Structure formats: C-alpha cells, structure tokens
Amino acid sequence: MTTSSHSDAITAQAEPVTIANSFKTTLPVLFGYVPMGMAFGLLLADQGYAWYWATIMGVVIFAGAAQFMAIGLLAASAGLFEVAMTTLLLNSRHIFYGLSLIHHLKAKGWHKLYIIFGLTDETYSLLTAHHALKCQTNALKGQDSSPKNQGNTSAQQNGIDTEISTSEDLQEGKFQFIITALNHSYWVLGCTIGALLGGALTFDTNGLEFTLPALFMVLVIEQYKATQKIFPFVIALACAIASLMLFDSDSMLLISITMTLTLLLGKQQLDVRGITVKRGAK
15 MTTSSHSDAI TAQAEPVTIA NSFKTTLPVL FGYVPMGMAF GLLLADQGYA
65 WYWATIMGVV IFAGAAQFMA IGLLAASAGL FEVAMTTLLL NSRHIFYGLS
115 LIHHLKAKGW HKLYIIFGLT DETYSLLTAH HALKCQTNAL KGQDSSPKNQ
165 GNTSAQQNGI DTEISTSEDL QEGKFQFIIT ALNHSYWVLG CTIGALLGGA
215 LTFDTNGLEF TLPALFMVLV IEQYKATQKI FPFVIALACA IASLMLFDSD
265 SMLLISITMT LTLLLGKQQL DVRGITVKRG AK
C-alpha cells in the first residue's frame, strides 16, 4: 500500500459520519431496492389490496423475499402456521448474520434494536465491509504512530486511547443506524410507489412474478461465490425436484427445505466425526 492510500484510509476513517456520506455508501442499495420494491407494490396492488398495505408491509416486515412470498401465500389463502413456518425457514439465515455481527454493533438502546430488526443481506454486507475497513485503518494508524508521544505516561496514554475508542464507537454506531434507516427507507419508498402506480394505472404484471425466483438465483450465485462449495446447492436442487415429483406444489417448499437442512446437518456431523477419528488415529 502506498503512503498516499495509507493516509487516505486514515482520513476517511476520521471523517465524521453524516447522512450525506452514508447516503453515498448506500447508493447501490438504493438502485436495487427501489425497483424491487416497486415490483412488489405492483404485484400486491394487482391482487386487489389498497396501496397503503404495501407501505405497512415494507415498514413492519422489511424482508423482500418474504414479502414476495407473502403475495403468493395470501393469494392461495394459506394458513397462519404455514405462513409463519415458511417465513421462518426462508429468513433463518439472518440468525447467523446476527450472531456474526452482534459483537460489532456499537449503537445503544433502541438504535441497536432497530439495526437488529432492519438487518438485511445488503445492510449486513455494508456494515461488515465498513467494519473490515475500520480494522484495517486502525492497523495502519498503529503502524504510523510517531515516537514523539512515547514520553506520555502509560496512564495518560491509556486515557487518550480510551477517549479515542469511545469516540470511534459512537461514530460507528451512528453509521450503522443511518445505513440501516436509509436502506429501510429505500425499500418502503419502492413499495409505496409501486402500489400507487398499480392502483392508479393499468399495468401488465405478467412476468413480474419471476422477480422472486430471480432474487433467489442471485442469492444462490452470491453464496456459491462466497463459499466455493457446490455440494449444498446440488443437495438443495435434488431435494426440490424430489419434493415436486412426490408431493403437491403447495407443500413441496416446506418439505424440500426440511429435507435439505436434514441432509446438510447430517453431512456436517459426519464430517465432524471424520475429523475426530483422524485426530484420534494420530
């Protein structure tokens, strides 16, 4: 890393957090959430629901895949238990997101609770990337520490470090809250615009139902790029095909997800036992 980029990283980290510079960070999410939210609003309006239901769902649920799925479940008059279980399984990945992020959340009180509520794939990506940059910048600061402050007593230095750390944590918490709120507002805006347009104008919504499968395809591709492991996806595809062939289409989703989870957990246990056996043999 050059000295220039070295200094730029430290300067960027020291820049106060504002809505303006946080907005720049969320621009990719804005361009994705608004069109996707509009598609959801159009589909919901096409089912005969008033426009404000799209806004309410965007505010309260704030889960793209779950909201698209809800349209189909509502149209099929699905039971409350099926809706709850399907939504839980669909969004269960957020449990692991939350566990990996919880120690990095610097916001306090209801701000922290809101960030937990508003955690999405995109928000998680932005927050973890920002945290990684912060860690890198702190490491650079440590390398650039000049010896002129070495005359300070350890107590004075500890006091300075604590003050700086507290200030950075406050800025980090503010950043996390603003990022989550901006992403949430983009989604609600898209849902509302789509529902208003769907209620006021005549749209041919044929093809929009492919939005959800397209979203899942993107998630699958991104997951594969992150893990570079093809086995879980092959198992999921095989279970989905088997469930569709053996069961009706209304219940195949829950069955295929359950089968996939069972097989993957079983493989994980076998892998753990295999490692244990190899270590014992040594």
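Residue numbers (my numbering): 15 to 296.
Glycine included, C-beta positions come from ideal geometry on N, C-alpha and C.
Just so we're clear, the structure is a prediction, and the values are computed from it rather than from any experiment.
In three-state DSSP terms, what is residue i?
| i | result |
| --- | --- |
| tyrosine 63 | coil |
| glutamine 282 | helix |
| phenylalanine 54 | helix |
| proline 30 | coil |
| alanine 143 | helix |
| isoleucine 174 | In this predicted model, isoleucine 174 has a pLDDT of only 49, less than 50, meaning its place in the structure is not dependable; the value taken from the coordinates is given anyway. Looking at isoleucine 174 - three-state DSSP - the assignment turns out to be helix. |
| isoleucine 75 | coil |
| serine 270 | helix |
| glutamine 242 | coil |
| leucine 119 | coil |
| threonine 69 | helix |
| threonine 194 | helix |
| threonine 137 | helix |
| serine 263 | coil |
Just to check my reading of the structure: residue i and residue j have Cβ atoms closer than 8 Å, yes? What is that Cβ distance to the nearest angstrom?
| i | j | result |
| --- | --- | --- |
| glycine 208 | glycine 51 | 6 Å |
| histidine 145 | histidine 125 | About 17 Å separates the two Cβ atoms, so there is no contact after all. |
| leucine 196 | serine 36 | 6 Å |
| leucine 56 | glycine 212 | 4 Å |
| isoleucine 129 | phenylalanine 189 | The pair is not a contact, with the Cβ atoms about 10 Å apart (cut-off 8 Å). |
| valine 286 | threonine 69 | Actually they are not in contact, since the Cβ atoms of valine 286 and threonine 69 sit about 47 Å apart, beyond 8 Å. |
| leucine 127 | glycine 112 | Actually they do not touch by this definition, with Cβ atoms about 12 Å apart. |
| isoleucine 249 | leucine 277 | 5 Å |
| serine 2 | methionine 273 | Coverage of the chain is limited to positions 15 through 296, which leaves residue 2 absent and any answer about it impossible. |
| phenylalanine 54 | cysteine 205 | 6 Å |
| glutamine 61 | alanine 80 | Contact doesn't hold; Cβ gap of about 16 Å is too wide. |
| leucine 141 | threonine 39 | Going by Cβ atoms, the distance from leucine 141 to threonine 39 rounds to 10 Å, so no, they are not a contact pair. |
Under DSSP, the alpha helix (DSSP H) around residue i begins and ends at which residues?
| i | result |
| --- | --- |
| lysine 38 | 33-39 |
| glutamine 81 | 78-89 |
| serine 257 | 245-260 |
| histidine 108 | 107-115 |
| glycine 123 | 123-131 |
| leucine 215 | First-last for leucine 215: undefined, no H or E at that position. |
| threonine 101 | 94-104 |
Using a Cβ-Cβ cut-off of 7 Å (strictly less than) and excluding sequence neighbours within five positions of residue i, which residues of its own chain qualify?
| i | result |
| --- | --- |
| leucine 44 | Tyr200 |
| leucine 210 | Trp65 |
| leucine 58 | Trp67, Ala68, Ile85 and Ala209 |
| glutamine 282 | none |
| isoleucine 33 | Ile192 |
Taking 8 Å as the limit between beta carbons, can you name the residues of its chain near residue i, skipping five residues before and five after?
| i | result |
| --- | --- |
| lysine 243 | none |
| aspartate 183 | Lys120 |
CB-CB under 6 Å to residue i, same chain, minus the five flanking residues each way: which ones, in chain order?
| i | result |
| --- | --- |
| isoleucine 271 | Leu103 |
| glutamate 186 | Lys120 |
| serine 160 | Legend: pLDDT at serine 160 = 46, less than 50; position of this residue unreliable, value from coordinates given subsequently. So no residue of the chain qualifies. |
| threonine 194 | Ile129, Gly132 and Thr137 |
Answer yes or no: does any C-beta atom of chain D fall closer than 8 Å to that of residue i?
| i | result |
| --- | --- |
| leucine 211 | Included in the structure is just one protein chain, with no chain D present. |
Check whether the stretch 254-270 and the stretch 99-110 are in contact - that is, three or more C-beta pairs closer than 8 Å. With contact defined as three or more Cβ pairs closer than 8 Å, the stretch 254-270 and the stretch 99-110 are in contact.
Any contact between the stretch 31-45 and the stretch 56-74? By contact I mean 3 or more CB pairs, one from each, below 8 Å. Because the criterion of three Cβ pairs below 8 Å is not met, the stretch 31-45 and the stretch 56-74 do not touch.
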